[in-house]
Amino acid sequence: MPDTSKEAVPAGKWAPAVALAWLIPGGGHFLLKRPGRGALLGVSVALMFLLGLMMRGAMFQWQTGDLLTTVIYCGGFIGDMMSGIFFILARAFGYNQVDVAGHVHDYGTKFLVAAGLLNILAMVDAYEIATGKKD
Amino acid sequence: MPKMTLSHFEASLLFALFTSIVLGIITKRTDPERIRYAAYCFACFIVAIFGLGWLMYLGHG
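Right, here's the structure in full:
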């Protein structure tokens, strides 16, 4: 039987840290006074995204159709978007690499998505710290 | 922005490095545990890279 005695942590306590963690990778940890971890997370996500751009990875566009198309394109778009400020800046400066064949471009595309996925993990970590589940 | 061309090995090595760092930070609670786990993840990535590389080479005939 689930434990219902635990009180829900108010969103005001964790939402700013999680939102900042999305916008600036590692920022949530800085807000929660974990600068060392925040710096490592921020640098890792930033370098991964930067390498993705330098390898001319393609950014996914929101696209639906059959199940596989929807999962790949919508999932890829969400992954790209989770890099926060890097995604916003890349879009603002007009980065629009078309998907071309070649292993370097392929790696670049995966690096761009993986940077966002790593940032999701950092956001979950910031949430756990903010709610007191983790030190 | 300069264009970068990496080999499969270099790209997967960088991917393994950054992923291991993040996994180490978010999964463990103390710094020594984090360092150990990040090193463990990195080692697993390397083993997988070489293992799958050889598997593909041998499977290709």
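The listed protein sequences derive, respectively, from chains A and B. Everything in the first sequence is counted per our numbering, starting at 1 for the first residue and increasing by one. Everything in the second sequence is counted per our numbering, starting at 1001 for the first residue and increasing by one. Even for Gly, the Cβ is constructed at its ideal location relative to N, Cα and C. Computed from a predicted model, the values in this text were never measured in an experiment.
Give the secondary structure of residue i by DSSP, where H, G and I count as helix, E and B as strand, and everything else as coil.
i                : result
G75 of chain A   : helix
M1 of chain A    : Unreliable placement is indicated for M1 of chain A, whose pLDDT of 47 sits below 50; no coordinate value is reported for it.
S83 of chain A   : coil
P25 of chain A   : coil
N153 of chain A  : This structure cannot settle anything about residue 153 of chain A, because the visible part of chain A is limited to 1 through 135.
V1047 of chain B : helix
V9 of chain A    : coil
L32 of chain A   : coil
V113 of chain A  : helix
D99 of chain A   : coil
M59 of chain A   : coil
P16 of chain A   : helix
G65 of chain A   : coil
M54 of chain A   : helix
D106 of chain A  : helix
M1004 of chain B : coil
G38 of chain A   : helix
T70 of chain A   : helix
Please classify residue i: is it buried, with 16 or more other beta-carbons within 10 angstroms of its beta-carbon, or exposed?
i                : result
F1009 of chain B : exposed
L68 of chain A   : exposed
A1043 of chain B : exposed
D125 of chain A  : buried
A98 of chain A   : The question names Ala, but residue 98 of chain A is Val in the sequence shown. With fewer than 16 Cβ atoms within 10 Å of its Cβ, V98 of chain A is classed as exposed.
E7 of chain A    : exposed
P25 of chain A   : buried
I138 of chain A  : Chain A is shown only over 1 to 135; residue 138 of chain A falls outside these bounds and no answer can be derived.
A58 of chain A   : buried
Do residue i and residue j have their CB atoms nearer than 9 Å?
i                : j                : result
L1023 of chain B : I1049 of chain B : no
F30 of chain A   : L40 of chain A   : no
Segments assigned alpha helix (DSSP H), at least 4 residues, entirely inside the stretch 1007-1052 of chain B:
1008-1027
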